[in-house]
Amino acid sequence: MWKYILKRLALLLFTLFLVITVTFFLMQIMPGTPFNNPKLTPEALAQLKTTYGLDLPLWQQYWNYLVGALHGDFGTSFQYQNQSVSMLIGQRLPVSAQLGAQALVVGVIAGLIMGAASARNKNNKIDGTLGIVSTLGISVPSFILGIVLVYLFGFKWPLFPVSGWGDSFSQSILPTIALAVSPAAVTTRFVRSEMIEALSSDYVQLAKAKGLSPKEIVNKHAYRNSMIPVLTLIGPMAAGLLTGSTLIEQIFSIPGIGQQFVLSIPSKDFPVIMGTTVVYAAMLMVMILITDILTAIIDPRVRLQ
Amino acid sequence: MSNPILKVENLHVNFNTYAGTVQAIRDVSFDLNQGETLAIVGESGSGKSVTTKTLMGLNAKNALIPDNSRLIFKDRNLLDLTESDWQSVRGNEIAMIFQDPMTSLDPTMKIGMQIAEPLIKHRNMKKEDALKRALELMKGVGIPDSEEHINDYPHQWSGGMRQRAVVAIALAADPEILIADEPTTALDVTIQAQILNLMKTLQKDTGSSIIFITHDLGVVAGMANRVAVMYAGKIVEYGTVDEIFFNPQHPYTWGLLNSMPTTDTQQGGLQAIPGTPPDLLEPPKGDAFASRNAYALAIDSKEEPPFFRVSDTHYAATWLLDERAPKVTPPVKIQKRWAHWREMQEQESQA
Amino acid sequence: MAANTQDFVIVGAQDSEANEHIAKPALSFWQDAWRRLKLNKLAVISLWFLAFILAFAFVSNFVMPQQQANSFNSDKVGVYKNLPPKSGLPIPGWSGQIKAPGDTTSTDVYASQNVPKSEKFILGTDNIGRSLAKRVTVGLRISLLVALVATFIDLLVGVAYGVLSGWKGGWVDNVMQRIIEILSSVPNLIIVTMLGLVLGGGVLSIILAIAMTGWLGMARQVRNMTLTLKERDYVLAAKSLGESSFKIAIKHLIPNMAGTIIVQIMMTVPTAIMFEAVLSAINLGVKPPTASLGSLISDASSMLQFYPYQVLIPSAMLVLVSLAFILLGDGLRDAFDPRASED
Chain A
7 MWKYILKRLA LLLFTLFLVI TVTFFLMQIM PGTPFNNPKL TPEALAQLKT
57 TYGLDLPLWQ QYWNYLVGAL HGDFGTSFQY QNQSVSMLIG QRLPVSAQLG
107 AQALVVGVIA GLIMGAASAR NKNNKIDGTL GIVSTLGISV PSFILGIVLV
157 YLFGFKWPLF PVSGWGDSFS QSILPTIALA VSPAAVTTRF VRSEMIEALS
207 SDYVQLAKAK GLSPKEIVNK HAYRNSMIPV LTLIGPMAAG LLTGSTLIEQ
257 IFSIPGIGQQ FVLSIPSKDF PVIMGTTVVY AAMLMVMILI TDILTAIIDP
307 RVRLQ
Chain B
75 MSNPILKVEN LHVNFNTYAG TVQAIRDVSF DLNQGETLAI VGESGSGKSV
125 TTKTLMGLNA KNALIPDNSR LIFKDRNLLD LTESDWQSVR GNEIAMIFQD
175 PMTSLDPTMK IGMQIAEPLI KHRNMKKEDA LKRALELMKG VGIPDSEEHI
225 NDYPHQWSGG MRQRAVVAIA LAADPEILIA DEPTTALDVT IQAQILNLMK
275 TLQKDTGSSI IFITHDLGVV AGMANRVAVM YAGKIVEYGT VDEIFFNPQH
325 PYTWGLLNSM PTTDTQQGGL QAIPGTPPDL LEPPKGDAFA SRNAYALAID
375 SKEEPPFFRV SDTHYAATWL LDERAPKVTP PVKIQKRWAH WREMQEQESQ
425 A
Chain C
2 MAANTQDFVI VGAQDSEANE HIAKPALSFW QDAWRRLKLN KLAVISLWFL
52 AFILAFAFVS NFVMPQQQAN SFNSDKVGVY KNLPPKSGLP IPGWSGQIKA
102 PGDTTSTDVY ASQNVPKSEK FILGTDNIGR SLAKRVTVGL RISLLVALVA
152 TFIDLLVGVA YGVLSGWKGG WVDNVMQRII EILSSVPNLI IVTMLGLVLG
202 GGVLSIILAI AMTGWLGMAR QVRNMTLTLK ERDYVLAAKS LGESSFKIAI
252 KHLIPNMAGT IIVQIMMTVP TAIMFEAVLS AINLGVKPPT ASLGSLISDA
302 SSMLQFYPYQ VLIPSAMLVL VSLAFILLGD GLRDAFDPRA SED
């Protein structure tokens with residue numbers, strides 16, 4: 007087990023190294039820098055470049071960046087000239103993490119309940135309704151849902167605040183819903199098909215032959231067998247949440263790293279873009295690793311090698 | 075032998091499908107006596123699996139059973155039971171051994187717990203007591219070092235061991251009737267014998283009755299007291315195991331016996347039954363086997379044969395037994411069996 | 002007993018060949034799938050809807066060139082800007098009237114902006130007076146183009162990669178799978194953004210950026226199918242007869258996983274449509290004045306409170322198209338999987 011985790015951590019670090027390297031060199035060939043302001047005098051430009059270490063040879067810049075990244079130092083923002091990237095991200099990360107965690111928890115729990123309800127009522131009205139709702143749920147991108155929610159509950163029937171963060175819990179309700187719908191829909195569909203498969207399996211037949219009631223069969227046998235595979239979904243769902251949250255943070259004016267990321271694209275704030283990229287990749291990989299380890303702990307069939 | 079614990083009378087089971095009504099079981103009647111093993115033999119599609127599912131009340135929702143069908147067990151018609159009544163019968167009074175041990179156990183539940191489940195359900199045992207009993211059952215079905223393995227999960231066990239666990243689950247609540255649905259088909263031949271021996275020993279200890287479903291006549295010989303041969307949703311011949319093996323009367327039984335390898339089978343001596351079983355959406359008129367039967371009579375395609383008595387325990391539904399029917403000579407291998415039967419009869423009368 | 006003695010003659014088995022017929026009419030895999038698909042109402046509706054949308058998008062190229070939808074009369078912006086949808090029929094909410102925030106009654110914007118009586122815009126106009134119907138038409142066209150081309154690239158790359166990885170096995174498979182693993186542990190958004198930044202916007206760069214991430218799923222599915230299929234007897238037979246690997250892939254592997262591939266395509270298209278919209282929302286989408294569904298949504302979203310229809314109409318279009326692809330994909334998956342049918 008520990009050996010496996012160490013192996014995975016090594017792969018994780020290697021991947022991060024690749025991500026850093028690729029983004030670094032991509033940034034080098036990126037058209038336009040924030041310093042191509044025609045008003046800048048050549049002297050001022052040279053001065054700026056020295057400040058950011060852009061006058062050094064490329065390999066030196068790369069080396070400096072790598073060493074810095076190892077220490078959690080991703081340089082200084084171009085946009086906010088005296089703020090370090092790690093500080094910018096550090097301030098905003100907890101906000102994004104809370105939003106993402108809320109959405110994931112709400113989404114997965116709702117999905118588990120709806121998926122099980124759907125499977126147990128296979129082919130009747132409840133199943134049909136949930137089927138339509140969950141299909142709709144995966145067809146509507148979270149940012150469109152966010153916009154619709156803002157329109158409906160912000161403007162039409164102003165029930166919830168539609169912008170800001172941290173002042174009250176109610177501010178987080180709409181963005182959480184907007185983000186949670188997709189994981190909920192994905193989980194619903196997944197649990198439904200897993201559960202239907204479990205309910206038609208031989209071991210459920212055997213459980214029936216033991217004289218267990220349908221409720222006992224679902225609770226003791228079908229549920230556990232269809233819940234475990236849901237864990238494998240959490241990785242991809244987390245990736246989806248990252249994408250969704252950038253725009254959702256933008257729409258709801260939430261000061262998270264997603265919003266920061268979106269803001270730094272038009273202003274070509276490369277250090278921030280790179281730093282965010284590395285953090286995003288690291289977060290996703292850690293999520294996947296954690297779910298893999300959890301799966302191995304919960305599912306007796308999986309043994310880590 | 076005249077103490078039936080289960081009486082099946084005029085059982086019909088139909089399935090509504092998009093293509094029409096499939097008549098899976100067409101008028102099946104048999105008795106199961108206390109402590110005996112009854113084998114139901116037939117090829118796939120003959121209705122033997124539907125029979126077992128009906129006996130367990132586990133038929134699919136689109137199954138239709140007419141009102142005149144009766145399954146009498148302990149003075150009640152099982153077909154009248156509600157679902158919750160069924161739950162107190164299943165796994166308790168009537169239990170079942172499944173075919174495929176690789177898929178029949180819940181992969182995420184400890185095996186000990188899976189064996190204990192029927193006890194908790196039907197005997198109202200506490201979990202610890204049920205697990206204690208499960209351990210005894212594991213020992214009883216011959217699982218070595220049971221104490222160490224009670225907390226194992228199925229994937230840690232071999233197929234043979236898992237099938238022992240499946241047997242233990244079926245036996246947990248001391249059922250009066252044990253239905254074994256091809257319990258050895260999915261196992262290696264050497265393991266098959268072990269499981270069959272285990273079932274025999276356990277039956278001796280518990281005195282329960284077994285309905286043994288199989289397509290393999292070879293397995294039947296050592297296991298069953300009586301044999302019923304099914305074809306196209308009907309029983310075509312039934313009798314004691316000796317009567318079926320050595321004095322078979324129905325051409326279908328002949329076919330089954332001929333297609334079974336024996337130690338004196340010469341090369342190329344295995345004979346297949348030509349053709350395939352009929353479509354039960356529209357069962358043929360008359361004898362369903364007629365179209366595959368080299369000994370078919372003209373009447374077979376017009377009228378269904380009734381059961382003709384061969385002995386008090388042996389009946390066969392074939393027009394060949396009608397007094398008007400011509401004397402036919404069965405295949406050579408069947409003649410040999412008949413010869414053996416005559417010897418057995420003589421020895422018996424001498425004794 | 003009605004039978005007489007002549008009934009008791011041996012007639013023997015009937016022709017056993019005639020007997021060994023197959024009860025169901027023999028249907029090919031595709032015919033059978035089609036029969037099952039037709040039973041799924043939602044999938045059939047989606048199929049027709051998509052056929053209509055694709056035909057509409059194609060024909061609109063000739064009827065409505067980009068320029069016509071992009072151009073506007075700068076002198077008359079004040080007259081034509083932000084007109085709400087007007088159907089010309091007395092349908093509430095579709096009559097050219099809109100309730101401004103804070104107002105209690107709705108105003109007829111067409112009248113207040115002095116739009117000539119004969120003119121109406123069934124989906125309204127945008128903030129510089131361009132017809133939203135036209136904008137959505139060309140936007141849909143671009144979005145579909147982006148999604149379909151990106152999906153097509155995914156298909157080519159993903160199938161080739163997956164077959165190669167699964168067929169070669171061994172260390173080749175190992176390396177190729179590690180690459181997929183590494184790529185999929187980087188959030189798609191990041192890859193798409195990076196490429197968008199490097200390639201510098203425009204339809205082509207959006208297509209490439211989306212295609213770069215989309216093939217992973219296809220490759221994974223195809224590899225798994227290849228691993229299963231390569232153990233099948235007909236593949237082993239072809240192999241032992243000395244067929245080349247390429248021929249085996251074309252003749253045996255790919256046809257037998259066509260169902261899986263088609264379903265995967267149906268699921269990739271909506272993702273591509275969504276990513277196009279995401280790119281637009283983070284300013285890496287199509288360049289104005291070109292419209293895509295995503296750019297229409299993000300351009301109008303700042304005025305959501307005042308002109309919600311400008312956001313909601315392209316959003317609804319995007320959702321409907323995605324929904325149709327997903328429903329059709331679901332239907333096809335069930336249709337291709339005989340186990341799922343209940344007969």
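Protein chains in written order, with our numbering: chain A, 7 to 311; chain B, 75 to 425; chain C, 2 to 344. Idealized CB from N, CA, C, for every residue including glycine. Quantities reported herein were computed from a predicted structural model and do not represent experimental measurements.
### Message
Measuring alpha carbon to alpha carbon, tell me which residue in A/A228, A/V210, A/G152 and A/R230 is nearest C/S299.
### Response
Within the third sequence, residue 299 of chain C is the residue found at index 298, counting from 1. With respect to the C-alpha of C/S299, the residue from A/A228, A/V210, A/G152 and A/R230 having the closest C-alpha is A/G152.
### Task
Give me the Cβ distance between C/V236 and C/L230, rounded to the nearest whole Å; I'm assuming they're in contact under 8 Å.
Here residue 236 of chain C corresponds to residue number 235 of the third sequence, with the count starting at 1. Here residue 230 of chain C corresponds to residue number 229 of the third sequence, with the count starting at 1. Indeed, because the Cβ distance is near 6 Å, the residues count as touching under 8 Å.
### Task
With a cut-off of 8 Å on the beta carbons, I'd call B/A302 and B/I114 a contact; round off their distance for me.
In the second sequence, residue 302 of chain B corresponds to position 228, counting from 1. In the second sequence, residue 114 of chain B corresponds to position 40, counting from 1. Contact holds; Cβ gap of about 5 Å.
### Message
Counting only beta-carbon separations shorter than 8 Å, does B/K308 have a partner in chain C?
### Response
Here residue 308 of chain B refers to the residue found at position 234 when the second sequence is read from its first residue. No, its Cβ sits nowhere closer than 8 Å to a Cβ of chain C.
### Task
Rank B/V87, B/W412 and B/D353 by C-alpha distance to the C-alpha of B/N321 and give the top, closest one.
Locating residue 321 of chain B in the second sequence gives position 247, counting from the first residue. For B/N321, the nearest C-alpha among the options comes from B/W412.
### Buried or exposed (CB count within 10 angstroms, at least 16 for buried), A/A50
To locate residue 50 of chain A, count along the first sequence from 1; it is residue 44. That one is exposed.
### Query
Just how far apart, CA to CA, sit C/G13 and B/W393?
For the purposes of this step, residue 13 of chain C is taken as the residue at position 12 of the third sequence. For the purposes of this step, residue 393 of chain B is taken as the residue at position 319 of the second sequence. Between C/G13 and B/W393, the C-alpha separation is close to 13 Å.
### Query
Which residue comes first and which comes last in the beta strand (DSSP E) that contains B/Y389?
Here residue 389 of chain B refers to the residue found at position 315 when the second sequence is read from its first residue. H388 to A390 is the extent of the beta strand (DSSP E) around B/Y389.
### Query
Can you give the beta carbon distance from A/P189 to A/L247, rounded, assuming they're within the 8 Å contact cut?
Counting from 1 along the first sequence, the entry for residue 189 of chain A is found at position 183. Counting from 1 along the first sequence, the entry for residue 247 of chain A is found at position 241. Indeed they touch by this definition, with Cβ atoms about 7 Å apart.
### Message
Helix, strand or coil for B/P78? Go by DSSP, reduced to three states.
### Response
Translated into positions along the second sequence, residue 78 of chain B becomes position 4. B/P78: strand per DSSP, three-state reduction.
### Message
Once DSSP output is grouped into helix, strand and coil, what is the label at A/M291?
### Response
Position 285 of the first sequence, counting from 1, holds the residue named residue 291 of chain A. Helix, per DSSP.
### Task
Check each candidate in C/F337, C/V137 and C/I54 and name the one with the smallest Cα separation from C/I263.
Working through the third sequence from its first residue, we reach residue 263 of chain C at position 262. If we check each option's Cα against that of C/I263, C/F337 comes out closest.
### Message
Could you give the first and the last residue of the continuous alpha helix (DSSP H) run that contains A/Q67?
### Response
Within the first sequence, numbered from 1, the residue matching residue 67 of chain A stands at position 61. Residues L64 to L76.
### Query
Skipping 5 residues on each side, what residues in its chain have a beta carbon closer than 7 Å to that of C/L209?
Stepping through the third sequence from its first residue, residue 209 of chain C is reached at position 208. L196 and L200.
### Query
Can you tell which of C/I11, C/I99 and C/V110 has the C-alpha that lies nearest to the C-alpha of A/K162?
On the first sequence, residue 162 of chain A is found 156 positions in, with the first residue counted as 1. For the options C/I11, C/I99 and C/V110, the alpha carbon positioned closest to that of A/K162 is the one of C/I99.
#### Entry: Counted within 10 angstroms of its Cβ, other Cβ atoms place B/Y92 as buried (16 or more) or exposed
Residue numbering aside, residue 92 of chain B sits at position 18 when the second sequence is read from its first letter. Classification of B/Y92: exposed, given that the 10 Å Cβ count is below 16.
### Message
Need the endpoints of the beta strand (DSSP E) that B/F382 sits in, please.
### Response
Start at 1 with the first residue of the second sequence, and residue 382 of chain B comes out as number 308. Unbroken beta strand (DSSP E) run through B/F382: F382 to S385.
### Task
Classify A/D275 as buried or exposed, calling it buried when 16 or more other Cβ atoms lie within 10 Å of its own Cβ.
If you number the first sequence from 1, residue 275 of chain A lands on position 269. In the assembly as shown, A/D275 is a buried residue. Its beta-carbon has 16 or more other beta-carbons within 10 Å.
### Query
For A/F149, which of C/M275, C/P309, C/S323 and C/L324 has the nearest alpha-carbon?
Within the first sequence, residue 149 of chain A is the residue found at index 143, counting from 1. Ranking C/M275, C/P309, C/S323 and C/L324 by Cα distance to A/F149 puts C/M275 first.
### Query
So, is the C-beta of A/S273 closer than 8 Å to a C-beta in chain C?
Residue mapping note: residue 273 of chain A aligns to position 267 of the first sequence, counting from 1. A/S273 does not count as touching chain C.
### Task
With distances taken Cα to Cα, identify the nearest neighbour of C/S75 among C/G130, C/P117 and C/L38.
Looking up residue 75 of chain C in the third sequence gives position 74. Checked all of C/G130, C/P117 and C/L38; the closest Cα to C/S75 is C/G130.
### Task
Look at the Cβ atom of B/D374, then the Cβ atom of B/A364, and state whether they are nearer than 8 Å.
Position 300 of the second sequence, counting from 1, holds the residue named residue 374 of chain B. Position 290 of the second sequence, counting from 1, holds the residue named residue 364 of chain B. For B/D374 and B/A364, yes; Cβs fall inside 8 Å.
### Message
Is it buried or exposed, C/E277, if we count other Cβ atoms within 10 angstroms and call 16 or more buried?
### Response
Position 276 of the third sequence, counted from the first residue, corresponds to residue 277 of chain C. Buried.
#### Entry: Coil, strand or helix - A/Y86 by DSSP
Locating residue 86 of chain A in the first sequence gives position 80, where the first residue counts as 1. Three-state result, A/Y86: coil.
#### Entry: Residues that B/N136 bridges to, as DSSP identifies them
For the purposes of this step, residue 136 of chain B is taken as the residue at position 62 of the second sequence. Looking at the DSSP assignment, B/N136 forms no beta bridge with any residue, so it has no partner.
### Query
How should A/I35 be labelled, buried or exposed, when 16 other C-beta atoms within 10 angstroms of its C-beta is the threshold for buried?
Reading the first sequence from its first residue, position 29 is the one you call residue 35 of chain A. A/I35 counts as exposed, since fewer than 16 other C-beta atoms from the protein chains shown sit within 10 angstroms of its C-beta.
### Query
So the beta strand (DSSP E) B/N107 belongs to, where does it begin and stop?
On the second sequence, residue 107 of chain B is found 33 positions in, with the first residue counted as 1. Element bounds for B/N107: G94 to N107.
### Query
When the cut-off is 8 Å and only beta carbons count, does C/A306 lie next to chain B?
One-based indexing of the third sequence puts residue 306 of chain C at position 305. A small correction: the amino acid at residue 306 of chain C is Gln; Ala does not occupy that position in the sequence shown. Judged by the 8 Å Cβ criterion, C/Q306 is not in contact with chain B.
### Task
Evaluate the contact criterion for the segment 192–208 of chain A versus the segment 222–236 of chain B: three or more CB pairs, one atom per stretch, below 8 Å.
With the cut-off at 8 Å, the segment 192–208 of chain A and the segment 222–236 of chain B do not touch.
### chain A contact for C/A336 (CB, 8 Å cutoff)
For the purposes of this step, residue 336 of chain C is identified with residue 335 of the third sequence, where counting begins at 1. C/A336 does not count as touching chain A.
### Query
In its own chain, which residues sit with a C-beta less than 7 Å from the C-beta of B/H86, not counting the 5 before and 5 after it?
The residue given as residue 86 of chain B occupies position 12 in the second sequence. Closer than 7 Å at Cβ, skipping near neighbours: I99, R100, D101, I139, P140 and S143.
### Message
Need the endpoints of the alpha helix (DSSP H) that A/E255 sits in, please.
### Response
Position 249 of the first sequence, counting from 1, holds the residue named residue 255 of chain A. Where A/E255 is concerned, the enclosing alpha helix (DSSP H) stretches over L237 to I257.
### Message
In whole angstroms, give me the CA-to-CA distance for B/L112 and B/E221.
### Response
Counted from its first residue, the second sequence places residue 112 of chain B at position 38. Counted from its first residue, the second sequence places residue 221 of chain B at position 147. When rounded, the distance between both Cα atoms is 34 Å.
### Query
For the alpha helix (DSSP H) that C/G260 lies in, which residues bound it at each end?
For the purposes of this step, residue 260 of chain C is taken as residue 259 along the third sequence, with counting starting at 1. Start and end: A259 to A282.
### Query
Buried or exposed: A/Q311, going by 16 or more other Cβ atoms within 10 Å of its Cβ?
Start at 1 with the first residue of the first sequence, and residue 311 of chain A comes out as number 305. Any reading at A/Q311 must be qualified, since the residue scores a pLDDT of 49, below 50, and its modelled position is unreliable; the value itself is stated next. Taking all protein chains shown into account, A/Q311 has fewer than 16 neighbouring C-beta atoms within 10 Å of its C-beta and is therefore exposed.
### Message
Please report whether the beta-carbon of B/Y305 lies at a distance below 8 Å from any beta-carbon of chain E.
### Response
Absence of chain E from the displayed structure is noted, the protein chains being A, B and C.
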